[in-house]
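*Asks:*
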Amino acid sequence: MDIPGLRTVNVIRYITPLREGGSLPALADADDDFKYVLKFRGAGHGVKALIAELLGGEIARFLGLPVPELVFATLDEAFGRTEADEEIQDLLQFSQGLNLGLHYLSGAITYDASANDCEGLLASKIVWLDAFITNVDRTFRNTNLLIWHKELWLIDHGAAFYFHHSWDNWEANAVTPFAMIKDHVLLPKADRLEEVHAEFTQKLNDGLLRNLVGLIPEDWLQWENGTITPEEIREVYFQFLSIRLANADVFFKQIQDARKTLI
Numbered sequence: 001m002d003i004p005g006l007r008t009v010n011v012i013r014y015i016t017p018l019r020e021g022g023s024l025p026a027l028a029d030a031d032d033d034f035k036y037v038l039k040f041r042g043a044g045h046g047v048k049a050l051i052a053e054l055l056g057g058e059i060a061r062f063l064g065l066p067v068p069e070l071v072f073a074t075l076d077e078a079f080g081r082t083e084a085d086e087e088i089q090d091l092l093q094f095s096q097g098l099n100l101g102l103h104y105l106s107g108a109i110t111y112d113a114s115a116n117d118c119e120g121l122l123a124s125k126i127v128w129l130d131a132f133i134t135n136v137d138r139t140f141r142n143t144n145l146l147i148w149h150k151e152l153w154l155i156d157h158g159a160a161f162y163f164h165h166s167w168d169n170w171e172a173n174a175v176t177p178f179a180m181i182k183d184h185v186l187l188p189k190a191d192r193l194e195e196v197h198a199e200f201t202q203k204l205n206d207g208l209l210r211n212l213v214g215l216i217p218e219d220w221l222q223w224e225n226g227t228i229t230p231e232e233i234r235e236v237y238f239q240f241l242s243i244r245l246a247n248a249d250v251f252f253k254q255i256q257d258a259r260k261t262l263i
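Going letter by letter, the sequence shown gives residues 1 to 263 in the UniProt record's numbering.
1) Tell me, please, which residues DSSP counts as bridged to Phe200.
2) Which residues does DSSP pair with Asp29 in a beta bridge?
3) Check each candidate in Arg259, Gly214, Lys253 and name the one with the smallest Cα separation from Gly5.
4) When the distance is taken between beta carbons, is His157 closer than 8 Å to Glu231?
5) Is His157 helix, strand or coil when you go by DSSP?
6) Just how far apart, CA to CA, sit Thr201 and Asn142?
7) Output the residue ranges of the alpha helix (DSSP H) runs that lie fully inside the segment 33-102 and measure 4 residues or longer, sorted by chain position.
8) With 16 as the cutoff for other CB atoms within 10 Å, does Lys48 come out buried or exposed?
9) Tell me which same chain residues have a C-beta within less than 7 Å of the C-beta of Ala258, skipping the five on either side of it?
10) Mapping DSSP to helix, strand and coil, what is Ile228?
11) Once DSSP output is grouped into helix, strand and coil, what is the label at Phe235?
12) So is Met1 buried or exposed if we call it buried at 16+ other beta carbons inside 10 Å?
13) Please state if the CB of Leu98 and the CB of residue 269 are separated by a distance shorter than 8 Å.
14) By how many angstroms is the C-alpha of Phe251 removed from the C-alpha of Leu177?
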């Protein structure tokens, strides 16, 4: 199945930093008259966090989960020169070129498990997704979920695919059961996991995954050490997802076991 490409916008105004995250994302205006939450290539984990955000968000979208539109966001070399905060100015200067933006959900509030509900099917889909992409950051402490117009939306997948920060033993990481799913904020509500597991393992396939990996810009695959080519990096991401999908029963059992300890 074909995956539509992302739009590309030009950032025209830096509005304010969003200091909730350690990587200093920011709210900004683009030349399409929309506001975006920008994730910068010059931040802590660099382009790897952008790759995780791109792959995680677009896999979620394909699976029918509510994710703000992702766009490629270009910063030109003059952007940020007038910024008074030196830390932010450095971040903007190191982020010249292609970054990633998420459509800004104006007026959204952070999901609170004690105050907001989430029906079992949606909770099960989100838990399964996060186990598949090894997303360590959807906990009670940091839900990365928003309520917007009374609906739940998924944001911030930059902590997924954590294997790529060391790039060692990625084959072994592809078949891990993902024990950290026990801390997932929606696990107590995920009561339709078997149904979701059957649906998603049928819906995802290698052709789709290769198309998704093909969305990664070449510019984000020019890594510092230069010992691995962009084509080889892209192939590792594809193989990781393909192997993980083929062994989905492993992480699915971990989800089931973790949930049994809660009920």
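Idealized CB from N, CA, C, for every residue including glycine. Predicted model only: the values in this text are computed from it and were never measured.
*Replies:* This is what the structure holds:
1) According to DSSP, Phe200 bridges with nothing at all.
2) Arg13, Lys35
3) Answer by Cα proximity: Gly214.
4) In this structure, Glu231 keeps its C-beta atom at 8 Å or more from the C-beta atom of His157.
5) coil
6) 28 Å
7) 46-62, 86-93
8) Of the residues assessed, Lys48 falls on the buried side of the cut-off, its CB having 16 or more other CB atoms within 10 angstroms.
9) Ile181, Lys182, Leu187
10) coil
11) Checking the sequence, you will find Glu at residue 235 rather than Phe. Glu235 falls in the helix class under three-state DSSP.
12) Confidence at Met1 is low in this model, with a pLDDT of 47, below 50, so the placement of that residue should be treated as unreliable; the coordinate-derived value is given next. Label assigned to Met1: exposed.
13) This structure cannot speak to residue 269, because the chain is shown only from 1 to 263.
14) Note on residue identity: the sequence assigns Pro, not Leu, to residue 177. Cα-Cα distance, rounded: 4 Å.
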